[in-house]
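Undergrad:
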Amino acid sequence: MFSLPSAEAPGIASNCNLNDKSCTVHMGEVSLTLDIQPRPASSMAPLNYQVSIVGARASNVMISLQGSEMYMGINQTPLTAVESKPGVFSGQGELAVCTTGEMLWRLTVSAETTAGPLNTWFEFRAK
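71 is the number of the first residue of the sequence shown in our numbering; add one for each residue after it.
(1) Return the bridge partner residues of Glu193 from the DSSP annotation.
(2) Starting from the C-beta of Asp90, find all residues in its chain whose C-beta is less than 6 Å away, skip the five residues before and the five after it, and write them out in chain order.
(3) On the DSSP bridge assignment, give the partners of Leu102 in chain order.
(4) Applying the 10 Å Cβ sphere with the 16-neighbour rule, what's the burial state of Ala181?
(5) In whole angstroms, give me the CA-to-CA distance for Val124 and Glu172.
Quick look at the structure:
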């Protein structure tokens, strides 16, 4: 038996830079891959998110963004299942402008899955 990370102990994609490539987190038998386009991510420009979840069926996939170093407001994007690709979800969002010029963002992906709730996060910088 395995347990998925919860809001109290999320899976973390360490040593992966979303501005360079897609990033994957493995949580027991479930893996989640996040891709952001275009790269590098920048403020006030549309960002296309793609999340792939393997090892469990998922629904209600949501991306939440928050400033790691300062409060930047509420920024949530519900993702839509891609009909032709099981386990793949996509959506579009935008980063707020930071007055310091560069911002460290924490992007949290949450979902309901057949293996239980999934919650993981990634950090990246954007100008």
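Backbone N, C-alpha and C fix where the C-beta goes; we use that ideal spot for every residue, glycine too.
TA: This is what the structure holds:
(1) Arg176, per the DSSP bridge assignment.
(2) None.
(3) In DSSP, Leu102 forms a bridge with Val95 and Ile123.
(4) Around the Cβ of Ala181, a 10 Å sphere holds 16 or more other Cβ atoms; the residue is buried.
(5) Their Cα atoms are separated by approximately 33 Å.
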